[in-house]
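K.L.:
Protein chains: 2
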Amino acid sequence: MDMKLNSLVSLATLLACALNAAAQTPTPTQAAQLEAARRNLMPVPASVQWGSGRLAVTNSFTVAATGHADERLRAGVDRAVRRLEGRTVMEFARGLTAEASAATLVVDCKGPGRAVPSVEEDESYTLDVTDKQATLRAPTVVGALRGLETFLQLLEGDREGFYLPAVHIEDRPRFPWRGLLIDIGRHYEPPEVLKRNLDAMAAVKLNVLHWHLTENQGFRIESKRFPRLAGMGSDGLYYTQEQARDIIAYAAARGIRVVPEFDLPGHSTSWLVGHPELGSAPGPYTIERGAGIFDPVLDPTREEVYKFLDAFLGEMAALFPDAYMHIGGDENNGRQWNANPKIQAFMREHGIKDNHALQTYFNQRLLKILQKHGKRMMGWDEIFQPDLPKDVVIHSWRGPKALAEAARLGYEGILSNGFYIDLIFPASAHYLNDPVPEGSTLTPTEAARVLGGEATMWGEWVSPETIDSRIWPRTAAIAERLWSPREVRDVEDMYRRLSVVSAQLEELGLTHEKNQAMMLRRLAGGRDSRALQTLASVVEPVKEYRRGEERPQTMLSPLTGLIDAARPDSEAARRFNAAVESLLSDAPRFESGARELRATLSEWQAAGPELEALIDGSPALAEARPLAADLSRTGTIGLEALSYIEKGVAPGAEWRDARLAALEEAAKPKAALEFPALPGVRALVFAASELPS
Amino acid sequence: MDMKLNSLVSLATLLACALNAAAQTPTPTQAAQLEAARRNLMPVPASVQWGSGRLAVTNSFTVAATGHADERLRAGVDRAVRRLEGRTVMEFARGLTAEASAATLVVDCKGPGRAVPSVEEDESYTLDVTDKQATLRAPTVVGALRGLETFLQLLEGDREGFYLPAVHIEDRPRFPWRGLLIDIGRHYEPPEVLKRNLDAMAAVKLNVLHWHLTENQGFRIESKRFPRLAGMGSDGLYYTQEQARDIIAYAAARGIRVVPEFDLPGHSTSWLVGHPELGSAPGPYTIERGAGIFDPVLDPTREEVYKFLDAFLGEMAALFPDAYMHIGGDENNGRQWNANPKIQAFMREHGIKDNHALQTYFNQRLLKILQKHGKRMMGWDEIFQPDLPKDVVIHSWRGPKALAEAARLGYEGILSNGFYIDLIFPASAHYLNDPVPEGSTLTPTEAARVLGGEATMWGEWVSPETIDSRIWPRTAAIAERLWSPREVRDVEDMYRRLSVVSAQLEELGLTHEKNQAMMLRRLAGGRDSRALQTLASVVEPVKEYRRGEERPQTMLSPLTGLIDAARPDSEAARRFNAAVESLLSDAPRFESGARELRATLSEWQAAGPELEALIDGSPALAEARPLAADLSRTGTIGLEALSYIEKGVAPGAEWRDARLAALEEAAKPKAALEFPALPGVRALVFAASELPS
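Those protein sequences? They're chains F and B, same order as listed. Per numbering that gives the first Met the number 0, the very first residue in the first sequence carries number 0; after that it's consecutive. Per numbering that gives the first Met the number 0, the very first residue in the second sequence carries number 0; after that it's consecutive.
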């Protein structure tokens with residue numbers, strides 16, 4: 000379900016709140032303490048006590064298991080040790096060693112945990128590192144897997160070699176439902192993309208893949224009962240049941256649940272291509288290629304529809320072992336219902352007063368089908384209404400308030416409002432978004448009904464090449480919100496750790512970092528792309544739903560433009576803005592700070608003309624021409640301001656007004672890209688203007 | 000089969016020859032002509048006539064098929080058009096258009112060609128581009144696929160937009176067998192790695208994947224008859240028959256044959272793990288983890304062995320549709336035969352005078368088995384001996400001379416000597432290596448028996464992360480040698496085009512460019528890796544088999560060190576050396592040349608201390624510490640020399656001797672890496688020393 004614009008108000012509030020928090024920079028001493036306290040752990044564990052001493056990691060590294068050790072644990076240990084090998088470039092013994100007393104790491108696992116990954120799984124663990132040995136204790140294999148990820152994050156190195164610092168960690172998640180929704184309806188993603196993202200999820204202790212399997216733009220799962228669903232509704236881009244089982248097993252091996260979503264009764268154009276008889280209008284239907292909200296909707300008044308759904312969802316209930324099934328339920332505009340006299344007659348006959356009530360009728364029928372097949376029903380906010388049984392789970396795109404209301408009435412729910420990563424907001428905007436915020440008036444029992452949250456990777460503008468960069472590393476910040484104690488809220492420290500985690504995710508095959516340079520090389524047609532890299536490092540795609548408005552494309556368009564190469568949450572821009580702030584507030588280090596800023600601003604200034612030459616030979620970059628000019632001009636303005644500041648001489652008001660006007664012009668998105676370093680440049684201009692004249 | 004050291008003499012000769020050719024720089028006018036003549040086409044077509052005018056590529060781009068159009072052609076057109084979309088960031092119509100007269104590209108294909116890809120396939124095509132339309136004519140679908148790759152390479156852009164220059168191309172390959180051997184025995188590569196490499200092969204018109212499926216270190220193909228082969232001989236890392244069929248189909252869709260190799264009777268440790276009864280010594284056997292030549296060998300004196308091979312190879316003959324089957328036959332050291340009294344008795348009894356004769360006996364038996372299953376036998380040089388029937392194909396690691404001898408005797412053969420890409424020589428060393436070199440005294444009939452050649456990607460030191468960078472882009476130069484006319488031999492122009500092709504290969508998912516930065520980030524532990532990038536850009540792994548000697552590892556060792564991140568054929572070093580040469584020979588442009596060199600040398604100088612700081616926190620980089628010092632020192636020496644040259648003042652002999660000694664020290668490999676930019680720095684030192692004092 001896409002977030003509607005009216006719900007963006009709360010997101011904008013969150014964003015302001017996050018930026019505000021970011022501005023509350025801790026003092027250097029506080030920062031050093033935080034850094035020591037958290038090192039590179041992400042999500043921050045529930046409790047960490049650093050000790051003294053360190054455990055050396057040498058090529059005699061071994062692992063022993065003293066408790067329960069099944070195939071899932073062995074495979075998890077093996078994956079962890081191979082990653083350790085990759086980082087240390089040392090070869091370690093394969094398999095488990097029998098000599099626990101001599102092992103570097105001892106895993107003591109009490110039992111296998113649930114046979115099928117479950118929201119009720121105990122994911123806790125304790126990890127002790129001394130200068131002799133590391134000991135990981137967990138009640139379940141999943142707990143041990145979570146602890147292994149923490150173990151890997153503890154690895155550090157210095158001139159003496161690799162080591163883990165001595166520590167005692169007791170850890171458990173704050174919320175039991177920590178998910179990532181991947182919409183492969185709008186753009187298909189092959190199994191290997193899902194697998195590498197499952198690895199990344201496990202690395203930051205997420206535990207639910209919400210698999211959004213059907214959309215207007217694609218029906219992506221094979222049905223053996225109804226082969227025309229995927230056969231005609233997917234352009235051939237769907238998962239076979241064998242592939243689905245493989246992905247479910249891959250997830251389970253990492254302690255991750257797979258919750259399938261079959262979005263109904265709207266969002267269903269792709270169902271109707273092969274089965275127009277289910278629709279509320281006669282059809283024929285074709286796969287939707289645009290983005291937005293569309294009319295096609297199942298006909299809730301015909302028994303054949305329920306018979307079909309019973310058979311189809313029964314088949315899916317057998318394929319997907321998770322206890323929950325998501326039925327969507329969002330964004331039905333009701334037009335086809337309004338236009339269909341038979342549906343109108345049915346409503347009159349049954350005293351159904353409006354479309355909302357008709358959808359409730361549909362949901363009630365669907366609920367019975369899911370119950371029959373042993374699944375708990377879950378749906379977006381719209382499905383909520385008071386006569387629903389209490390075991391329905393509400394998935395909230397509306398916000399923590401709606402979630403709290405439902406929790407008060409006895410419903411479990413999860414939060415996605417504020418976690419819409421497709422809207423391209425920075426990690427800081429999501430990080431402080433809390434399913435049960437400070438000051439919540441829910442009783443503990445009510446609060447426990449808020450199960451957690453899910454980041455939502457809606458698929459309008461992502462391809463296998465770009466999806467990782469839209470999910471990572473920002474989703475690691477959301478993972479921390481859902482796992483770590485509520486009090487863990489230091490934005491600057493989050494960013495410090497996020498940068499380390501981002502590099503570590505690459506060892507799992509993630510492409511969020513490395514594909515940018517490749518995409519820029521393609522745009523440059525194989526010519527020198529350094530100036531383009533400079534530009535791409537300081538621009539971000541426009542936020543919310545503006546991309547689709549400013550630069551319309553279809554689901555068949557190539558996602559290979561500069562906007563696709565550009566990434567959310569520009570690290571270069573963030574560093575620049577922080578460097579300006581530090582320069583203007585830290586007189587003793589002014590000189591080195593100014594030198595650094597001058598280098599950056601000169602790079603921008605120089606990149607402009609180089610970019611123009613590159614664009615002359617690369618028509619695919621033509622849309623970026625105004626950005627090249629903006630970048631160059633902004634660099635020049637920053638350098639001018641810096642010169643005034645260094646000389647301690649104020650420029651005239653005319654200079655200031657002209658420069659601010661130019662920056663305002665540069666602040667207008669071009670090619671649906673914006674320039675998040677402008678606040679820093681503007682601050683330099685203001686600082687220059689405020690000098691004594 | 001690994002190349003023995005004694006055969007490296009000819010490779011060294013080739014290398015010297017290539018460097019010599021590279022030094023014969025064409026004049027600027029010649030260069031401009033060459034550049035215009037070849038644009039970015041690689042391999043260079045048999046005949047190209049540029050016209051005037053251009054065909055615009057706009058968003059109304061369409062393709063029509065006026066002749067034969069089957070599923071393979073349609074899919075090939077679709078892949079080409081999607082790549083064109085990716086480069087142009089424009090959305091084009093899907094499928095073929097019915098209106099040929101209005102289509103941008105018309106494909107006129109006479110027929111489907113062979114049902115199974117064959118060495119006898121007609122791969123020719125003609126391509127005409129006018130300002131109205133492009134027309135691709137081909138007798139077969141494979142010819143059309145080859146032409147589509149040329150079509151894509153013609154795309155250019157300027158301020159007016161994307162276009163193809165007007166041209167008339169008539170093209171056909173010089174050799175019918177243009178292969179890439181991938182050894183997945185020593186290190187397994189998952190199917191997606193093979194698939195992306197098949198795409199890359201198709202892009203440069205290679206047509207044989209030589210799949211080296213069994214090795215001492217791994218038996219990688221499922222046998223349903225003998226499940227213990229892969230089951231016990233592969234650590235679980237093997238291809239199921241379903242996966243093999245999928246890869247064969249993927250290759251066939253691109254006009255690529257898949258020739259399987261089952262290396263026998265040596266190289267067979269992994270066979271013997273599950274079937275020790277086939278061996279010449281009693282066993283037990285374990286999977287080999289080292290690199291080198293090993294003792295295990297099948298027992299050629301026992302009938303059960305032939306019964307087994309008959310059943311196994313029969314199963315494989317049904318799985319692999321290609322007409323050829325490669326049986327290896329190389330590097331049997333004979334020790335197990337010498338040590339086995341029964342084998343010795345058999346030899347006496349049958350008048351078999353030595354191990355070579357015994358292997359010939361084995362080959363004769365194998366030949367009958369392959370003939371029975373309808374396959375032509377192929378093997379390495381060692382299998383060659385005069386009483387073999389003439390339909391056996393010789394695969395030469397010895398060289399063109401051995402190949403010519405066989406051709407004279409009536410045997411077909413292919414060349415791999417000189418195409419051993421695992422030895423880390425630059426593309427220039429392979430490029431001029433010719434299966435039928437100029438001055439060959441073979442008659443046309445004899446020369447026609449030389450079918451072509453294969454680049455060999457032996458798998459000792461490659462992982463899924465690094466294999467692309469060991470194959471590409473260098474293999475594109477070999478592809479050109481095997482496709483283009485013999486006269487196409489301009490090394491500088493090859494490198495110019497290779498750099499464009501290298502970037503284009505990335506659109507197919509190849510990781511040869513993008514994984515380096517990722518691997519360096521991992522080595523840097525998430526810290527700033529720019530200085531490390533500088534170092535990595537100017538070092539190359541040691542050549543030939545020195546890596547295994549200088550930095551011993553096993554097949555289980557992580558391939559994540561600096562040597563793995565470093566790539567063959569450093570472009571930065573080549574550019575540096577060329578810039579020095581140009582500086583020293585081109586007085587008018589001295590100033591800008593000196594500025595550029597100074598920037599590079601200063602970067603090296605500055606990188607040293609930064610690297611040392613990085614290494615302090617990254618023990619995995621400890622082995623690179625001497626390289627950091629070398630880089631810095633070399634930068635300083637170059638800057639000093641440049642200063643003398645600019646001032647026109649000669650330094651004293653003492654300066655020269657000290658600097659040359661330091662460079663000699665830097666020329667010694669460290670961490671099994673070498674510094675190919677040293678010749679340029681040395682040339683600067685000599686040039687400074689030769690100034691009038």
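By construction, the Cβ of each residue, glycine as well, lies at the ideal position given by its N, Cα and C atoms.
If we cut at 7 angstroms on Cβ distances, does Met517 of chain F have a partner in chain B?
P.N.:
Here residue 517 of chain F refers to the residue found at position 518 when the first sequence is read from its first residue. Yes - at least one Cβ of chain B is within 7 angstroms of the one on Met517 of chain F.
K.L.:
Taking the DSSP output, what are the residues bridged to Asp321 of chain F?
P.N.:
Along the first sequence, one-based indexing puts residue 321 of chain F at 322. For Asp321 of chain F, which the question treats as bridged, DSSP gives no partner whatsoever.
K.L.:
In or out: Ala290 of chain F buried (at least 16 other Cβ within 10 Å) or exposed?
P.N.:
By one-based count along the first sequence, residue 290 of chain F stands at place 291. Looking at its Cβ environment, which holds 16 or more other Cβ atoms inside 10 Å, Ala290 of chain F is buried.
K.L.:
Hey, how far is the Cα of Arg673 of chain B from the Cα of Val128 of chain B?
P.N.:
Taking the second sequence and counting its residues from 1, one reaches residue 673 of chain B at position 674. Taking the second sequence and counting its residues from 1, one reaches residue 128 of chain B at position 129. The identity of residue 673 of chain B in the sequence shown is Glu, whereas the question assumes Arg. Spanning the two alpha carbons is a distance of roughly 46 angstroms.
K.L.:
From Leu7 of chain B to Gly651 of chain B, what distance separates their C-alpha atoms?
P.N.:
Along the second sequence, read from residue 1 onward, the residue named residue 7 of chain B stands at position 8. Along the second sequence, read from residue 1 onward, the residue named residue 651 of chain B stands at position 652. Unreliable placement is indicated for Leu7 of chain B, whose pLDDT of 37 sits below 50; the coordinate value is still reported in the next sentence. Rounded to the nearest angstrom, the two C-alpha atoms are 40 angstroms apart.
K.L.:
Cβ atoms of Pro295 of chain F and Leu271 of chain F: under 7 angstroms apart, would you say?
P.N.:
The residue labelled residue 271 of chain F in the question sits at position 272 within the first sequence. The residue labelled residue 295 of chain F in the question sits at position 296 within the first sequence. Yes, these two residues count as a Cβ contact at 7 angstroms.
K.L.:
Could you check whether the Cβ of Thr533 of chain F sits closer than 7 angstroms to any Cβ belonging to chain B?
P.N.:
Counting from 1 along the first sequence, the entry for residue 533 of chain F is found at position 534. Judged by the 7 angstroms Cβ criterion, Thr533 of chain F is not in contact with chain B.
K.L.:
If Pro399 of chain B and Asp421 of chain B are in contact, beta carbons under 8 angstroms, what's the gap, nearest whole angstrom?
P.N.:
Indexing the second sequence from 1 puts residue 399 of chain B at position 400. Indexing the second sequence from 1 puts residue 421 of chain B at position 422. At roughly 20 angstroms, the Cβ-Cβ gap does not stay under 8 angstroms, so Pro399 of chain B and Asp421 of chain B are not in contact.
K.L.:
Applying a beta-carbon distance threshold of less than 9 angstroms, which residues of chain F neighbour Glu287 of chain B?
P.N.:
Within the second sequence, the letter at position 288 stands for residue 287 of chain B. Within 9 angstroms Cβ-Cβ: nothing; Glu287 of chain B doesn't reach chain F, min ~15 angstroms.
K.L.:
Establish whether the CB of Pro557 of chain F and some CB of chain B are separated by less than 7 angstroms.
P.N.:
On the first sequence, residue 557 of chain F is found 558 positions in, with the first residue counted as 1. True, the Cβ-Cβ gap to chain B drops below 7 angstroms.
K.L.:
Mind listing the chain F neighbours of Phe161 of chain B? Cutoff is C-beta to C-beta under 9 angstroms, in chain order.
P.N.:
The count along the second sequence starts at 1 and reaches residue 161 of chain B at position 162. Within 9 angstroms Cβ-Cβ: Pro618 and Ala619.
K.L.:
At which residues does the alpha helix (DSSP H) containing Asp198 of chain F begin and terminate?
P.N.:
As a first step, residue 198 of chain F is located in the first sequence; it is residue number 199 there, counting from the start. That run of the alpha helix (DSSP H) goes Pro190 to Ala202.
K.L.:
Taking Cβ positions only, does Arg73 of chain B come closer than 7 angstroms to chain F?
P.N.:
The sequence position of residue 73 of chain B within the second sequence is 74, counting from 1. By this cut-off, Arg73 of chain B is not an interface position.
K.L.:
Any beta carbon of chain F sitting closer than 7 angstroms to that of Lys709 of chain B?
P.N.:
Outside the shown range of chain B, which is 0 to 692, sits residue 709 of chain B, and nothing can be said about it.
K.L.:
Quick check on this structure: which residue in F:Ile470, F:Lys669, F:Ala229 and F:Pro443 has the alpha carbon closest to the alpha carbon of Thr455 of chain F?
P.N.:
Here the question's residue 455 of chain F lines up with position 456 in the first sequence. It is F:Ile470 whose Cα lies nearest to the Cα of Thr455 of chain F.
K.L.:
Using the rule of at least 16 other Cβ atoms within 10 Å of the residue's Cβ for burial, across every protein chain shown, is Ser415 of chain F buried or exposed?
P.N.:
Along the first sequence, read from residue 1 onward, the residue named residue 415 of chain F stands at position 416. The residue is buried, with at least 16 neighbouring Cβ atoms inside 10 Å.
K.L.:
Measure the Cβ-Cβ separation of Gly235 of chain F and Glu214 of chain F and say whether it is below 7 angstroms.
P.N.:
Along the first sequence, one-based indexing puts residue 235 of chain F at 236. Along the first sequence, one-based indexing puts residue 214 of chain F at 215. No, the Cβ-Cβ distance between Gly235 of chain F and Glu214 of chain F is not below 7 angstroms.
K.L.:
Asp121 of chain F and Pro44 of chain F - do their beta-carbons sit closer together than 7 angstroms?
P.N.:
One-based indexing of the first sequence puts residue 44 of chain F at position 45. One-based indexing of the first sequence puts residue 121 of chain F at position 122. For Pro44 of chain F and Asp121 of chain F, no; Cβs fall outside 7 angstroms.
K.L.:
Could you spell out the range, first to last residue, of the alpha helix (DSSP H) harbouring Gln242 of chain B?
P.N.:
In the second sequence, the residue the question calls residue 242 of chain B occupies position 243. First-last of the alpha helix (DSSP H) with Gln242 of chain B: Gln240 to Ala252.
K.L.:
Report the partner residues of Gln358 of chain B according to the DSSP bridge assignment.
P.N.:
What you label residue 358 of chain B is simply residue 359 of the second sequence in a count that begins at 1. Its beta-bridge partners do not exist; DSSP assigns none.
K.L.:
Could you give the first and the last residue of the continuous beta strand (DSSP E) run that contains Asp107 of chain B?
P.N.:
Mapped onto the second sequence, residue 107 of chain B falls at position 108. Where Asp107 of chain B is concerned, the enclosing beta strand (DSSP E) stretches over Leu104 to Cys108.
K.L.:
Buried or exposed for Asp527 of chain B, going by 16 or more other Cβ atoms inside 10 Å?
P.N.:
In the second sequence, counting from the first residue as 1, residue 527 of chain B sits at position 528. By the 10 Å Cβ count, Asp527 of chain B comes out exposed.
K.L.:
Just checking, does the stretch 56-74 of chain F make contact with the stretch 90-106 of chain F on the three C-beta pairs under 8 angstroms criterion?
P.N.:
With the cut-off at 8 angstroms, the stretch 56-74 of chain F and the stretch 90-106 of chain F touch.
K.L.:
Comparing alpha-carbon positions, which option in B:Val258, B:Leu212, B:Leu638 and B:Gly409 lies nearest Ala322 of chain B?
P.N.:
Position 323 of the second sequence holds residue 322 of chain B. When each option's Cα is compared against that of Ala322 of chain B, the closest is B:Val258.
K.L.:
For Tyr162 of chain F, list the residues DSSP reports as bridge partners.
P.N.:
Within the first sequence, residue 162 of chain F is the residue found at index 163, counting from 1. The partner list for Tyr162 of chain F (beta bridge, DSSP) reads F:Ala55 and F:Glu155.
K.L.:
Since I believe Leu54 of chain F is in contact with Gln152 of chain F (beta carbons under 8 angstroms), could you give me their beta-carbon distance rounded to a whole number of angstroms?
P.N.:
Against the first sequence, residue 152 of chain F aligns to sequence position 153. Against the first sequence, residue 54 of chain F aligns to sequence position 55. That pair is no contact at about 14 angstroms.
K.L.:
Taking C-beta pairs closer than 7 angstroms, name the residues in chain B that Gln503 of chain F reaches, listed in chain order.
P.N.:
As a first step, residue 503 of chain F is located in the first sequence; it is residue number 504 there, counting from the start. Neighbours of Gln503 of chain F on chain B, chain order: Gly525.
K.L.:
Report the CB separation of Ala564 of chain F from Ala535 of chain F in whole angstroms; it is logged as a contact under 8 angstroms.
P.N.:
Within the first sequence, numbered from 1, the residue matching residue 564 of chain F stands at position 565. Within the first sequence, numbered from 1, the residue matching residue 535 of chain F stands at position 536. About 5 angstroms; that satisfies the 8 angstroms criterion.
K.L.:
Quick one: grab the DSSP three-state call for Trp176 of chain F.
P.N.:
Working through the first sequence from its first residue, we reach residue 176 of chain F at position 177. Three-state result, Trp176 of chain F: strand.
K.L.:
If you reduce the DSSP assignment to three classes, tell me which class Asp353 of chain B lands in.
P.N.:
The sequence position of residue 353 of chain B within the second sequence is 354, counting from 1. Here Asp353 of chain B sits in coil by DSSP.
K.L.:
For the stretch 550-582 of chain F, list every residue whose C-beta sits within 8 angstroms of some C-beta in chain B, in sequence order.
P.N.:
Residues Gln552, Thr553, Leu555, Ser556, Pro557, Thr559 and Gly560.
K.L.:
Nearest to Thr125 of chain B by alpha carbon, out of B:Glu570, B:Ser46 and B:Tyr162?
P.N.:
Taking the second sequence and counting its residues from 1, one reaches residue 125 of chain B at position 126. Nearest option by C-alpha distance: B:Ser46.
K.L.:
Do Leu677 of chain F and Leu690 of chain F have their C-beta atoms within less than 7 angstroms of each other?
P.N.:
The sequence position of residue 677 of chain F within the first sequence is 678, counting from 1. The sequence position of residue 690 of chain F within the first sequence is 691, counting from 1. Cβ atoms of Leu677 of chain F and Leu690 of chain F: not closer than 7 angstroms.
K.L.:
Is the beta carbon of Phe218 of chain B less than 7 angstroms from the beta carbon of Phe311 of chain B?
P.N.:
Here the question's residue 218 of chain B lines up with position 219 in the second sequence. Here the question's residue 311 of chain B lines up with position 312 in the second sequence. It is not a contact, given that the beta carbons lie outside the stated cut-off.
K.L.:
What span of residues does the beta strand (DSSP E) with Ala137 of chain B cover, start to end?
P.N.:
Residue numbering aside, residue 137 of chain B sits at position 138 when the second sequence is read from its first letter. Unbroken beta strand (DSSP E) run through Ala137 of chain B: Ala133 to Ala137.
K.L.:
Among B:Gly94, B:Leu83, B:Pro164 and B:Pro111, which one has its Cα closest to the Cα of Gly50 of chain B?
P.N.:
The residue labelled residue 50 of chain B in the question sits at position 51 within the second sequence. It is B:Pro164 whose Cα lies nearest to the Cα of Gly50 of chain B.
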